[in-house]
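Right, one structure below, let's go through it.
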Amino acid sequence: MNTCSFLFRTSLGKKYIMALTGLGLVVFVVLHLLGNLQFFLGREAINRYGHFLHSTPELLWGSRLGLLALVGLHLWAAIRLSIENRAARPVGYDRNKPMGSTYASRTMLMSGLIIAFFAIYHLLHFTVQVPVVNLRGTDFRLLVDQAQRHDVYQMMVTGFENPAVTVFYLVGVGLLCLHLSHGVSSLFQSLGLRTGKYSPLIKRLGCVISVVLLIGYWSIPLSVLLGLKK
Amino acid sequence: MNLTLKIWRQKDRQTRGEFVTCQARDIIPDMSFLEMLDVVNEDLMKAGHEAFAFDSDCREGICGTCSLVINGIPHGGQKGTTACQLHMRHFHDGQTITVEPWRAQAFPVLRDLVVDRSAFDRIIASGGFVSVNTGGAPDGNAIPISKVDADRAMDAAACIGCGACVAACKNASAMLFVAAKISHLGLLPQGQTERYQRVVKMVDTMDHEGFGACSVTGACEAVCPKQISLDFIGQLNRDYLRGSLKP
């Protein structure tokens, strides 16, 4: 146990936790997008995929608990580090002109906390399927397709037909991508993998991943809202 | 040129400080920022007031003693320049300039613009050295070192320990300083023996002194008068991980 205590004790240890849990969550976000994009393959594809994910409860709940642990550790490290970082500068500057830093890098805590709230709403909306939060007056749990599977396709269409819900979704995903534009390249730095000739590549990686994720995640609600998918 | 200065005035460590406004008259654009402060102080003393205390030593940008946050940027924002090498021609007549000390828990203000940076000395004392047995002087070129490593070690060794990285960081983190020190020793053959103990001890001292963690914003690299690269922090993160996991 002592071997790993530095992870929880030192500032660098907590950054390793941030980086590793962040990496796990980025992998999830990419896989989640790849799964969701089957929406464009039509009702049959996405419903089959939804059924497949729910078919093995052991794997489903194993993944869910794993994700919860990642989020929990990521949040814990973020809050601990933020408290320590604030304590490191009790008296601030009268004038403070940010130099060299990006907007995303200075607002990681705030964007992260808003994303956490968005994720809670998103789970209530599409996973727990609480009827009140979808603002459509439909109970998503009752949607069933011809093969008696849960009709994921219809749920996505109905869910994104409300402009307020869709705008919140777009903002949530936008903040996630802002968070990742700094987070992805930063996690390589924290793990000591950003040195020498890899440095420019890793700097760009964060931006590229963010833009790709943004286009991918925005494409689904926008296509519904613009009436391209019914 | 005439300028208005908004300067931090603080009697000692215990007393609360405040900003005071004063005039800098007949400043020659070729003066350095510190020379401008000398003029202001001389005028103050002639009028029977107390001069502003500020740190300075070599005044040629190599000692790392001057430590002023000028208009919200440590060393004033000219690339690769310390406050003593910052010239008044970068300002315009009639401008109001805010001058503050480094702000960090680990760098308490001693008086006015002077801060106590001995936390850096304690970090160095905890491991920032190479232990060498005394004896006959070794041949200078007896140990082969690749040009690439020698150059990178020299880039890291350019750190003058001024603390601008801490002052600019939103977390008042000393990572760039520690990274420069562990890299300049760790990249050379002579530094290998103590490489991993060194990094663990220095990071522990850094945490103990109350510096924050690295958020990889890059503010430190941007203000560093010696333009130490953020890549060295990657090296520090890598070495610390190895050092901590070493059996």
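The listed protein sequences correspond, in order, to chains A and B.
Residue 1629 in this note's numbering is what sits at position 210 of the first sequence, and the numbering runs on without skipping anything.
Residue 237 in this note's numbering is what sits at position 235 of the second sequence, and the numbering runs on without skipping anything.
For glycine and all other residues, C-beta sits at the position ideal for the given N, C-alpha and C.
Quick caveat: nothing in here was measured; it's all calculated off a predicted structure.
Residue pairing from DSSP leaves W1480(A) without any beta-bridge partner.
Below 8 Å, enough C-beta pairs join the stretch 210-220 of chain B and the stretch 1487-1507 of chain A to call them touching: three or more.
Under the Cβ distance rule, D157(B) does not count among the residues neighbouring chain A, no pair being separated by less than 8 Å. Look at the beta carbons and you see the stretch 1535-1555 of chain A not touching the stretch 127-140 of chain B: under three pairs across the two are nearer than 8 Å. For E102(B), the enclosing beta strand (DSSP E) begins and ends at T98 to E102. Judged by beta-carbon spacing, L1624(A) lies beyond the 8 Å limit of V1590(A), meaning their Cβ atoms are not closer than that value. Listed as beta-bridge partners of G214(B) by DSSP are S175(B). For V205(B), the C-beta contacts it makes with chain A under 8 Å involve T1429, S1430 and L1431, in order along the chain. Around C226(B), the same chain offers A166, C167 and L178 as residues with beta carbons nearer than 7 Å, after the five sequence neighbours per side are excluded.
In summary, the residues of the stretch 1513-1536 of chain A whose CB is separated from some CB of chain B by less than 8 Å are D1513, R1514, N1515, K1516, P1517, M1518, G1519, S1520, T1521, S1524, R1525 and M1527, in the order they occur in the chain. Rounded to the nearest angstrom, the Cβ distance from K1648(A) to S1642(A) is 5 Å, consistent with a contact under 8 Å. Within the stretch 114-186 of chain B, the runs of alpha helix (DSSP H) at least 4 residues long that lie entirely inside it are, in chain order, 120-127, 149-159 and 166-170. For the C-beta of L1500(A), the chain B residues within less than 7 Å are, from N- to C-terminus, A215.
When C-alpha distances from I1534(A) are compared across K1622(A), R1568(A) and V1490(A), the shortest belongs to V1490(A).
Under the Cβ distance rule, G1615(A) counts among the residues neighbouring chain B, one pair being separated by less than 8 Å. Within the stretch 104-137 of chain B, contact with chain A at the beta-carbon level (separation under 9 Å) is assigned to R105, A106, Q107, A108 and V111. When rounded, the separation of the alpha-carbon atoms in Q1567(A) and L1595(A) is 34 Å. Residues of chain B whose Cβ lies closer than 8 Å to the Cβ of L1610(A) are, in chain order, N239, R240 and L243.
For L1450(A) and V180(B), the gap between their C-alpha atoms comes out near 38 Å. Assignment of P1509(A) by DSSP, reduced to helix, strand and coil, places it in the coil class. Counting only unbroken stretches of 4 or more residues, the alpha helix (DSSP H) elements lying wholly within the stretch 1571-1620 of chain A are 1571-1579 and 1582-1609, in sequence order. Contact between V71(B) and A169(B) holds: CB atoms are separated by about 6 Å, below the 8 Å threshold. Straight through space, the alpha carbons of A174(B) and V1627(A) are spaced by roughly 30 Å.
Per DSSP, the unbroken beta strand (DSSP E) holding A26(B) starts and ends at E20 to A26. Contact check for T219(B) against K172(B) passes: the beta carbons are separated by less than 8 Å.
For D151(B), same chain residues with a beta-carbon under 6 Å away, outside a window of 5 residues either side, are L189 in chain order. Within 10 angstroms of the beta-carbon of S34(B) lie 16 or more other beta-carbons, which makes it buried. Contact between the stretch 41-49 of chain B and the stretch 103-110 of chain B is not established, with fewer than three Cβ pairs separated by less than 8 Å. Taking the beta carbon of D14(B) as reference, no residue of chain A falls within 9 Å; the closest one sits roughly 15 Å away.
Taken through DSSP and simplified to helix, strand or coil, S34(B) comes out as strand. Not a single CB atom of chain A sits nearer than 8 Å to the CB of S69(B). Two segments are said to touch when three or more pairs of C-beta atoms, one from each, lie closer than 8 Å; by this definition the stretch 1571-1579 of chain A does not touch the stretch 187-203 of chain B. Setting aside the 5 residues that flank it on each side, T207(B) is surrounded in the same chain by R124, I125 and S128, each with a C-beta closer than 7 Å to its C-beta; the list follows chain order. DSSP, reduced to helix, strand and coil, places R1514(A) outside both helices and strands of the structure shown, so it counts as coil. The three-state secondary structure of R1462(A), taken from DSSP, is helix.
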